[in-house]
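**Q** The structure that follows is given in the form of structure tokens.
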Amino acid sequence: MEELVRAGREVAELVADHLSTVGDHPVWGPLDAADRAWLTDQRLPLEGRSLAELVADVRTRVMRYPMGNGHPRFFGWVNSPPSPAGILVEPLAAALNPSCAGGEHAGPLLERNVVRWLAELVGFPHPPGGGLLTSGASMATIVCLAAARHRAARSDGWDVREQGLSGQVPLVLYQSEEGHSCLAKGAELLGIGRRNVRTIPVDDRFQMNTSALSAAIADDIRQGLRPFCVCASAGSVNTGAIDSLGEIADIAAEFGLWFHVDGAYGALGVLAERNRGDYAGLDRADSLVLDPHKWLGVPVDCGCALVRDPALLRDAFSFVPPYLRDEGADDLGWFSEYGIEQTRPFRALRAWATMSHLGREGITGLVNHTTRLAHTLASMIEQADDFELRTPVTTSITAFGYRSHPDDHADRSDELNRQIPTALQHRGRVFCTGTTLAGRPALRACFLNPATTEEDLLILLDEIRTTAAQLTG
Ligand SMILES: Cc1ncc(COP(=O)(O)O)c(C=O)c1O
């Protein structure tokens, strides 16, 4: 135990050192070849090593190679820095090491509280038991879509758990062109089949075209298919766009479809005063996915699935063999009856700590600050001749493009925008990623870090200019 205490002190110092200097180092850098080989090719030691040796290895071979998302100038994908409170409690969760499948102990009970807090924060009606933490939005999406599939089958008089999908009228799911890939992956996994996933076009603000949605559903009904679920975005991954949730809720109600909202990244944006109206209709969803490990900064992993009807979710998943029966369980039962995982980690502790530490005001402040950064970058871009905004900002993502000259040929700019992200990342001063918008390569910057400043935005634009100059020789 003494050895653990001594090594633990060193680890605490290592954590403090990393966090206090992360902004002084490159955001990301290529790995030294020997360290890379060490990371991938080690042999399992025959005899165990001391904890002090392990800490030394972690110091020299692991901590030097972060993904970059702790840095104030990391704007890639949707990856936040870890919250200090979340980091603090991680070793405690590991020390307790419970399985939060269920039972009468701190982990599952605190999870009920965290799920309720998350629902309250974003204004989702939350009946007790109506949600659970997951590894992330991809897993939460599968959980929600499974409930949607189960309800559709039941209302048509069959049982998907018992019978499977074979021989049934194909179920059809709707998402927009900007829907996250986890929706299609989830549909594949649930046996819906990619051919039964309709991709609805978006308008020039990258929001789902709701007339096209209605038309597609009506067409599928005419073809004898069974529309069952529509998935809207509350903060799409490419641009942060929020679909017209109220209109989509109306369409879902008209056709009797499950209304699912992907708020993995953006649900928290409802806290920004300027955006509140854009989320009208979120509270009408049958299910909502949001990721505390995104905007909230809960250390990975922590996703969340919220559902309006907990009984239905339980009905879709509950499978309690004799060796798991718990006669002492209360009416809500075990979390493992509401999802896929049986052994479940103590995610609630890091989520609870993060939310308690920030409080509602701190969370709102974080959302407002990062949303403001996205708008500020958009204004800088609009004032610059050599950049173009690709869509108005809604949440905390700015989608844009570089063009070396205002009347530069689109193909040339496209090629540059395709090449910029990797080259920029290798320079190490800022990190942003690329995507394709309306068929053209684009750059996007996602703001989640409370430490990012306006100065960092200027550095981003300058670095893109320098990278473009390098690329064009
Ligand atoms: C809008 C959206 N949905 C779903 C996901 C998938 O989330 P996860 O990576 O937690 O599975 C992401 C990830 O960035 C996302 O931005």
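The numbering used here numbers the first residue of the sequence shown as 70 and each following residue consecutively.
Backbone N, C-alpha and C define an ideal beta-carbon position, used for all residues, glycine too.
Note that the structure is a prediction, hence the values are computed from the model and not measured.
1. From 472, 256, 311 and 87, pick the residue whose C-alpha is nearest to that of residue 131; which is it?
2. Look at the Cβ atom of residue 464, then the Cβ atom of residue 340, and state whether they are nearer than 8 Å.
3. What are the start and end residues of the beta strand (DSSP E) that includes residue 300?
4. Taking only runs of the alpha helix (DSSP H) that begin and end inside the segment 391-429, which ones reach a length of at least 4 residues, in chain order?
5. To which residues of the same chain is residue 185 closer than 7 Å at the C-beta, ignoring the five residues directly before and after it?
6. Between which two residues does the beta strand (DSSP E) holding residue 261 run?
7. As a quick exercise: from 197, 232 and 500, pick the residue whose alpha carbon is nearest that of residue 180.
8. Please classify residue 348: does DSSP put it in a helix, a strand, or coil?
9. Taking residue 491 as part of the alpha helix (DSSP H), name the residues at either end of that continuous run.
10. Can you have a look at residue 424 and say buried or exposed, based on whether 16 or more other CB atoms are within 10 angstroms of its CB?
11. Please name the residue, chosen from 200, 265 and 319, that lies closest to residue 377 on a Cα-to-Cα basis.
12. Touch check for the segment 396-405 and the segment 212-219: three-plus C-beta pairs under 8 Å?
13. In terms of residue numbering, what span does the alpha helix (DSSP H) encompassing residue 77 cover?
14. Just to confirm, is the Cβ distance from residue 469 to residue 485 under 8 Å?
15. Name the residue from 134, 253, 178 and 483 whose alpha carbon lies nearest to the alpha carbon of residue 508.
16. Bridge partners for residue 510 per DSSP, in chain order?
17. Is residue 421 near ligand 1, with its Cβ less than 7 Å from a heavy atom?
18. Alpha helix (DSSP H) containing residue 180: first to last residue?
19. Go ahead and pull the three-state DSSP assignment for residue 384.
20. By the three-class DSSP mapping on this structure, what secondary structure does residue 372 have?
21. Please determine whether the Cβ atom of residue 126 lies at a distance below 7 Å from any heavy atom of ligand 1.
22. Specify, as a first and last residue, the run of the alpha helix (DSSP H) that residue 292 falls within.
23. I'd like to check one pair, residue 150 with residue 366: are the Cβ atoms closer than 8 Å?
24. Is it the case that the CB of residue 503 approaches a heavy atom of ligand 1 more closely than 7 Å?
25. When the Cβ atoms of the segment 408-419 are set against those of the segment 436-449, are three or more pairs found closer than 8 Å?
26. Note down, in chain order, each residue of its chain lying with its Cβ closer than 8 Å to the Cβ of residue 262, except the 5 sequence neighbours on either side.
27. If you follow the alpha helix (DSSP H) that residue 365 is part of, which residue opens it and which one closes it?
28. DSSP three-state label for residue 244, please.
29. Do residue 147 and ligand 1 come close, with the Cβ less than 7 Å from some heavy atom?
30. Identify the continuous alpha helix (DSSP H) that holds residue 311 and give its terminal residues.
31. For residue 77, collect the residues of the same chain with a Cβ closer than 8 Å to its Cβ; drop the 5 residues on either side in sequence, then sort them by chain order.
32. Check residue 341 in the structure and name its three-state DSSP category.
**A** In short:
1. Mapped onto the sequence shown, residue 131 falls at position 62. The candidate whose alpha carbon is nearest that of residue 131 is 87.
2. The residue you call residue 464 lines up with position 395 of the sequence shown. The residue you call residue 340 lines up with position 271 of the sequence shown. Residue 340 sits away from residue 464, with the two beta carbons spaced by 8 Å or more.
3. What you label residue 300 is simply residue 231 of the sequence shown in a count that begins at 1. That run of the beta strand (DSSP E) goes 295-302.
4. Those alpha helix (DSSP H) runs which fall completely within the segment 391-429 and span 4+ residues do not exist here.
5. Here residue 185 refers to the residue found at position 116 of the sequence shown. Closer than 7 Å at the Cβ level, and outside the excluded window around residue 185, lie 195.
6. Residue mapping note: residue 261 aligns to position 192 of the sequence shown, counting from 1. That residue, residue 261, is in no beta strand (DSSP E); it is neither H nor E in DSSP.
7. Here residue 180 refers to the residue found at position 111 of the sequence shown. It is 197.
8. In the sequence shown, residue 348 corresponds to position 279, counting from 1. DSSP places residue 348 in the helix class (H, G or I) of the three-state scheme.
9. One-based indexing of the sequence shown puts residue 491 at position 422. Its alpha helix (DSSP H) spans residues 479-496.
10. Here residue 424 is taken as the residue at index 355 of the sequence shown, counted from 1. By the neighbour-count rule (16 or more Cβ atoms within 10 Å), residue 424 is buried.
11. Locating residue 377 in the sequence shown gives position 308, where the first residue counts as 1. Of 200, 265 and 319, the residue nearest in Cα terms is 200.
12. The segment 396-405 makes no contact with the segment 212-219: fewer than 3 CB pairs, one atom from each, lie closer than 8 Å.
13. Numbered from 1 along the sequence shown, position 8 holds the residue referred to as residue 77. Here the alpha helix (DSSP H) through residue 77 covers 71-90.
14. Here residue 469 refers to the residue found at position 400 of the sequence shown. Here residue 485 refers to the residue found at position 416 of the sequence shown. Going by beta carbons, residue 469 and residue 485 fall outside the 8 Å limit.
15. Along the sequence shown, one-based indexing puts residue 508 at 439. Comparing Cα-Cα distances from residue 508 to each of 134, 253, 178 and 483, the minimum goes to 483.
16. Within the sequence shown, residue 510 is the residue found at index 441, counting from 1. Answer is 505, bridged to residue 510.
17. Counting from one through the sequence shown, the residue named residue 421 turns up at place 352. Residue 421: no, Cβ never under 7 Å from ligand 1.
18. As a position in the sequence shown, residue 180 is number 111, starting the count at 1. First-last of the alpha helix (DSSP H) with residue 180: 175-191.
19. Start at 1 with the first residue of the sequence shown, and residue 384 comes out as number 315. Residue 384: helix per DSSP, three-state reduction.
20. Taking the sequence shown and counting its residues from 1, one reaches residue 372 at position 303. Correct three-state label for residue 372: strand.
21. The residue given as residue 126 occupies position 57 in the sequence shown. With a cutoff of 7 Å, residue 126 does not count as near ligand 1, since its C-beta is closer than that to no heavy atom of the ligand.
22. Taking the sequence shown and counting its residues from 1, the one referred to as residue 292 is at position 223. Careful: residue 292 lies outside any alpha helix (DSSP H) and carries neither H nor E.
23. As a first step, residue 366 is located in the sequence shown; it is residue number 297 there, counting from the start. As a first step, residue 150 is located in the sequence shown; it is residue number 81 there, counting from the start. In this structure, residue 150 lies closer than 8 Å to residue 366 by Cβ.
24. Within the sequence shown, numbered from 1, the residue matching residue 503 stands at position 434. No, the beta carbon of residue 503 sits no closer than 7 Å to any heavy atom of ligand 1.
25. By the Cβ test, the segment 408-419 is not in contact with the segment 436-449, since fewer than three Cβ pairs between them sit closer than 8 Å.
26. In the sequence shown, counting from the first residue as 1, residue 262 sits at position 193. Excluding residues within five positions, the ones whose Cβ falls inside 8 Å are 239 and 256.
27. For this step, residue 365 is matched to residue 296 along the sequence shown. Here residue 365 belongs to no alpha helix (DSSP H), and DSSP marks it neither H nor E.
28. Translated into positions along the sequence shown, residue 244 becomes position 175. For residue 244, the three-state secondary structure derived from DSSP is strand.
29. Against the sequence shown, residue 147 aligns to sequence position 78. Yes, since a heavy atom of ligand 1 falls inside the 7 Å radius drawn around the Cβ of residue 147.
30. Reading the sequence shown from its first residue, position 242 is the one you call residue 311. Unbroken run through residue 311: none, as it is neither H nor E.
31. Here the question's residue 77 lines up with position 8 in the sequence shown. Closer than 8 Å at the Cβ level, and outside the excluded window around residue 77, lie 160.
32. What you label residue 341 is simply residue 272 of the sequence shown in a count that begins at 1. Residue 341 sits in coil when the DSSP states are folded into three classes, being neither helix nor strand.
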